[in-house]
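Trainee:
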Amino acid sequence: MKRAFAPFTAAAILPAFFLLAACSGEAPEPAPVDTKVPEELAKEPLKVPQAGTEDQEGAGTPREQRVATLGLLNKRNNLTQDIEMKPGETKRVGDVVIRLATCEKTAPWEATQETGAFVQVIVKGRNADNSKPEWHRVFSGWLFKNSPSLNVVQHPIYDVWVKDCAMSFPGEEAAASSTKD
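Residues -21 to -1, 1 to 160 (mature numbering (1 follows the signal peptide of the UniProt record, and there is no 0)) are what the sequence shown spells out, left to right.
(1) Which same chain residues, not among the five before or five after Val117, have their C-beta less than 6 Å away from its C-beta?
(2) DSSP on Arg105, reduced to helix/strand/coil?
(3) If distances are taken between C-alpha atoms only, which option among Arg105, Ala86 and Gly50 comes closest to Pro127?
(4) What do you reckon, are the CB atoms on Glu43 and Pro66 nearer than 8 Å?
(5) Just grab the DSSP bridge partners of Ala47 for me.
(6) Using DSSP with H/G/I as helix, E/B as strand and the rest coil, what is Arg42?
(7) So, at 7 Å on beta carbons, what are the nonlocal neighbours of Asp34 in its own chain, with the 5 sequence-adjacent residues on each side left out?
(8) Please say whether Asn125 and Glu93 have beta carbons closer to each other than 8 Å?
(9) Do Val98 and Arg71 come within 8 Å of each other at the CB atom, strictly closer than that value?
(10) Going by CA-CA distance only, name the one from Ile136, Lys15 and Met64 that's closest to Asn57.
(11) Should Thr81 be labelled buried (16 or more other beta-carbon atoms within 10 Å of its own) or exposed?
(12) Assign Ala47 to one of two classes, buried (16 or more other C-beta atoms within 10 Å of its C-beta) or exposed (fewer than that).
(13) Using 10 angstroms around the beta-carbon of Val132, count the other beta-carbons present and answer buried if the total reaches 16, otherwise exposed.
(14) Is DSSP giving Ala96 helix, strand or coil here?
(15) Per the DSSP calculation, Trp114 is bridged to which residue(s)?
Below is the structure:
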């Protein structure tokens, strides 16, 4: 009776053996990620929001010298990357374009520390009629590091958040050097 099952066992194992033999053991070459910002998005003017006192003298680092660090998560493959941008800059990572209008940070001597950035997120996707993929703005607004739930990028694939805004304030260097003495 054991011999009656032998052909069935061999028939079950043989396809698995051929599948394993077909694997070369090497991963395929990754496809290049497109980082060129589409012309129609590059030409679109970026409206910089006006805050109350940020352009006054002594308000900190001038806007064009600030550097924001944003986090980008692709929820499909769980890949996270940091993106460093200057205000007015636009960067593309695959099917997502991120535009940074400005970033702000409260002065170090203020009681509550806040870091925020005005960001636009534009994603390439298909319409409901499954036509040619088009660019859709999925978010435009302020994102805050310490209050991420205040304004959220709601997209099924991508998530964007503020990590930092590098800027300095007058008197900050003097305060740091006096504490070292």
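Using N, Cα and C, we set each Cβ at its ideal position, and we do this for glycine too.
Given the structure is predicted, the values throughout are model-derived calculations rather than measurements.
Mentor: Let me spell this out:
(1) By 1-based counting over the sequence shown, the position of residue 117 is 138. Taken in chain order, the residues that qualify are Val100, Val102 and His134.
(2) For the purposes of this step, residue 105 is taken as the residue at position 126 of the sequence shown. In the structure shown, Arg105 sits in coil (DSSP, three-state: anything other than H, G, I, E or B).
(3) Here the question's residue 127 lines up with position 148 in the sequence shown. Among Arg105, Ala86 and Gly50, the Cα nearest to that of Pro127 is on Gly50.
(4) For the purposes of this step, residue 43 is taken as the residue at position 64 of the sequence shown. For the purposes of this step, residue 66 is taken as the residue at position 87 of the sequence shown. Cβ distance < 8 Å, so Glu43 and Pro66 count as in contact.
(5) Here residue 47 refers to the residue found at position 68 when the sequence shown is read from its first residue. Bridge partners of Ala47: Met64 and Cys144.
(6) Taking the first residue of the sequence shown as 1, we reach residue 42 at position 63. Residue state, collapsed to three classes: helix.
(7) Residue numbering aside, residue 34 sits at position 55 when the sequence shown is read from its first letter. Summary for Asp34: the model assigns pLDDT 45, below 50, so the residue's position carries little reliability; its value from the coordinates is reported in the next sentence. For Asp34, where only same-chain residues beyond five positions count, there are no Cβ hits under 7 Å.
(8) Taking the first residue of the sequence shown as 1, we reach residue 93 at position 114. Taking the first residue of the sequence shown as 1, we reach residue 125 at position 146. Yes.
(9) In the sequence shown, residue 71 corresponds to position 92, counting from 1. In the sequence shown, residue 98 corresponds to position 119, counting from 1. No, they are not a contact pair.
(10) Here residue 57 is taken as the residue at index 78 of the sequence shown, counted from 1. Nearest C-alpha to Asn57: Ile136.
(11) On the sequence shown, residue 81 is found 102 positions in, with the first residue counted as 1. By the 10 Å Cβ count, Thr81 comes out buried.
(12) Position 68 of the sequence shown, counting from 1, holds the residue named residue 47. Ala47 is buried by the Cβ-count criterion.
(13) Along the sequence shown, one-based indexing puts residue 132 at 153. Buried, because 16 or more other Cβ atoms sit within 10 Å of the Cβ of Val132.
(14) The residue you call residue 96 lines up with position 117 of the sequence shown. Looking at Ala96 - three-state DSSP - the assignment turns out to be strand.
(15) Position 135 of the sequence shown, counted from the first residue, corresponds to residue 114. Trp114 is bridged to Lys103.
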